[in-house]
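Here is the structure we will look at, set down as structure tokens.
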Amino acid sequence: MPKLSLRQTATTALTAVGLLALSGCGFTEYPNSTFNHHTDFNTAIDALFQRLLFWGTIVFVVVEAGLVYTIIKYRKRPGGPKPRPIHGNAALEITWTVIPALILVLIAIPTVRTIFQTQADAPAGALKVQVIGHQWWWEFRYPELGIVTANELYVPVGRTVEFELTTKDVLHSFWIPQMGGKRDLISNKTNYLWFTPNVDLGTSAWNGFCTEYCGSSHANMKFRLYTVQPDEFDSWAKHQASPAVFSATPAPTVTPVTPVAQVTGADSTAPAQTTGYVFPSARLATEFPHVIPQTPIPAGLTFDDALLAAGDPARGANEGFMLGGCIGCHAISGVPGAVSEIGPNLTHIASRHTIAGGLYKNDAPTLARWIKNARHMKPGSLMNTIGRGEYDPILKTTNTGGLDDRQIADVVAYLLALK
Ligand code: CUA
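Okay, structure coming up:
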């Protein structure tokens with residue numbers, strides 16, 4: 001008997017500690033929790049989860065109570081009689097078959113209903129977003145709005161958004177925990193996912209992840225979602241659909257016969273630079289610090305930061321972007337020849353808060369190091385090592401061509417001018 005009560009005490013204590021730990025999980029301070037009703041999808045799934053938890057708890061309590069009662073009441077006592085052999089108990093057997101069957105029905109009906117609800121076609125008028133997985137970053141296209149961007153999604157609250165999920169290479173999986181719904185990106189197949197961010201969300205920022213192992217930088221394949229007000233979204237969309245204002249018109253190589261104002265790369269006929277809505281970085285820092293990447297730059301990757309202040313965007317556009325080979329992989333709308341879809345579209349790269357699949361902050365020092373040696377910053381990255389004299393960890397050679405720090409500073413100045 002003392003042995004039994006010790007085990008019981010231990011079990012009770014462990015259960016109590018577990019429940020206490022669970023009850024400590026406040027939902028708001030966990031930015032990647034799925035237990036928030038921020039979309040219709042999330043609400044449906046959570047309602048199902050609550051129902052399963054309810055029935056599971058009842059089953060657990062009833063079964064454990066019966067078990068403990070039986071163990072104590074019918075335990076072996078010193079000098080007690082031998083147990084009486086019995087065979088069969090029809091009433092008991094029917095009872096313990098019918099009750100679980102009823103419980104399964106109570107679970108199955110809402111489960112099937114929720115599956116049909118979340119797998120149905122998106123309602124008419126949904127905002128279409130094409131999600132294209134790449135090793136290891138996300139391409140987002142808004143076909144109706146003419147937008148191509150990377151790693152940062154904007155959607156308006158209160159409107160259903162329908163994601164069309166495909167992959168350029170291996171399997172990936174699209175997941176924004178706070179929005180609900182996790183769906184795979186499968187080769188040669190298009191998957192769909194839709195949800196409606198709640199209107200009471202306000203302008204908010206959320207984490208997104210790849211949740212299907214897809215190679216060495218799977219864990220570094222992240223993205224951000226900004227749920228914004230409809231007018232903010234319209235402003236963002238209008239700007240994102242416009243070509244880059246700082247266009248890379250080649251600088252004149254011959255001195256003109258008639259004296260004209262010297263053009264130094266920037267297209268002097270381009271309209272004044274406009275900016276659309278961008279999620280305010282001040283709000284990110286104070287209210288949504290979880291979306292700001294804190295990834296440290298690997299030791300050994302150095303850059304002469306003093307050069308960044310003197311970076312010449314025109315020279316970066318005309319010289320660095322071409323010589324460095326950036327144009328071979330990256331599109332910039334409005335720049336002739338910059339149409340490749342291998343790497344992320346850079347048309348409005350300065351309007352993004354992150355680079356490298358949401359792994360790093362988008363600022364001049366980080367961008368400079370990323371251009372210099374991306375593979376050192378993100379294992380397996382397909383982006384070439386651009387820095388002259390840099391060791392390429394994939395090719396296992398030192399780059400004897402490429403750009404020096406001054407040229408990279410120019411490219412950084414150019415990219416950060418692409419608001
Ligand atoms: Cu993409 Cu894991």
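The numbering of the sequence shown is this note's numbering, which starts it at 1 and goes up by one. Every residue, glycine too, gets a C-beta built ideally from N, C-alpha and C. Values in this document were obtained by computation on a predicted structure and should not be read as measured data.
Leaving aside the five residues before and after residue i along the sequence, list all residues of the same chain whose C-beta is less than 8 Å from its C-beta, in chain order.
i: residue 158; result: 196, 197, 198, 199 and 230
i: residue 237; result: 142, 145, 147, 154 and 276
i: residue 415; result: 316, 346, 349, 350 and 367
i: residue 182; result: 173, 174, 175 and 211
Using C-beta distances below 6 Å, list every residue in its chain close to residue i, excluding the 5 sequence neighbours before and after it, in chain order.
i: residue 138; result: 151 and 223
i: residue 295; result: 359 and 360
i: residue 433; result: This structure cannot settle anything about residue 433, because the visible part of the chain is limited to 1 through 419.
i: residue 278; result: 351
i: residue 123; result: 160
Given a threshold of 16 other Cβ atoms within 10 Å of its Cβ, counted over all protein chains shown, does residue i qualify as buried or as exposed?
i: residue 172; result: buried
i: residue 463; result: The chain is shown from 1 up to 419; residue 463 falls before or after that span and cannot be answered.
i: residue 367; result: buried
i: residue 314; result: buried
i: residue 93; result: exposed
i: residue 188; result: exposed
i: residue 87; result: exposed
i: residue 394; result: exposed
i: residue 243; result: exposed
i: residue 65; result: exposed
i: residue 344; result: buried
i: residue 385; result: buried
i: residue 193; result: buried
i: residue 96; result: exposed
i: residue 331; result: buried
i: residue 356; result: buried
i: residue 291; result: buried
i: residue 250; result: Reliability fails at residue 250, whose pLDDT of 45 lies under 50, so the model's placement of it is uncertain and the value that follows must be treated cautiously. With fewer than 16 Cβ atoms within 10 Å of its Cβ, residue 250 is classed as exposed.
i: residue 67; result: exposed
Compute the Euclidean distance between the alpha carbons of residue i and residue j, then round it to the nearest angstrom.
i: residue 347; j: residue 145; result: 15 Å
i: residue 41; j: residue 218; result: 25 Å
i: residue 420; j: residue 281; result: Residue 420 lies beyond the range of the chain shown here (1 to 419); nothing can be said about it.
i: residue 103; j: residue 55; result: 7 Å
i: residue 353; j: residue 283; result: 12 Å
i: residue 409; j: residue 166; result: 35 Å
i: residue 129; j: residue 403; result: 36 Å
i: residue 98; j: residue 58; result: 16 Å
i: residue 106; j: residue 60; result: 16 Å
i: residue 85; j: residue 75; result: 15 Å
i: residue 351; j: residue 101; result: 56 Å
i: residue 311; j: residue 413; result: 5 Å
i: residue 78; j: residue 90; result: 32 Å
i: residue 327; j: residue 111; result: 50 Å
i: residue 228; j: residue 39; result: 14 Å
i: residue 396; j: residue 376; result: 12 Å
i: residue 320; j: residue 369; result: 15 Å
i: residue 329; j: residue 372; result: 16 Å
i: residue 287; j: residue 201; result: 13 Å
i: residue 116; j: residue 205; result: 29 Å
i: residue 49; j: residue 114; result: 11 Å
i: residue 160; j: residue 207; result: 19 Å
i: residue 341; j: residue 109; result: 46 Å
i: residue 156; j: residue 289; result: 21 Å
i: residue 365; j: residue 308; result: 8 Å
i: residue 215; j: residue 225; result: 23 Å
i: residue 305; j: residue 405; result: 9 Å
i: residue 132; j: residue 63; result: 48 Å
i: residue 262; j: residue 318; result: Note that residue 262 scores a pLDDT of 38, beneath 50, so its modelled location is shaky; the value from the coordinates is reported in the next line. About 15 Å.
i: residue 388; j: residue 323; result: 12 Å
i: residue 120; j: residue 411; result: 46 Å
i: residue 391; j: residue 135; result: 21 Å
What span of residues does the alpha helix (DSSP H) with residue i cover, start to end?
i: residue 414; result: 405-415
i: residue 375; result: 374-377
i: residue 238; result: 230-240
i: residue 64; result: 40-73
i: residue 118; result: 90-119
i: residue 284; result: 281-287
Residue range of the beta strand (DSSP E) that residue i falls in?
i: residue 128; result: 127-134
i: residue 193; result: 191-195
i: residue 207; result: 204-210
i: residue 161; result: 161-167
i: residue 173; result: 172-175
i: residue 150; result: 147-150
i: residue 184; result: 182-185
i: residue 142; result: 137-142
Any beta carbon from chain E within less than 8 Å of residue i's own beta carbon?
i: residue 175; result: The chain labelled as chain E is not found in the depicted structure, where only one protein chain is given.
Near residue i, which residues of its chain fall below 7 Å by C-beta distance, leaving aside the five closest residues on each side in sequence?
i: residue 240; result: 147, 149, 276 and 348
i: residue 293; result: 354, 358, 359, 360 and 361
i: residue 52; result: 107
i: residue 232; result: 203 and 277
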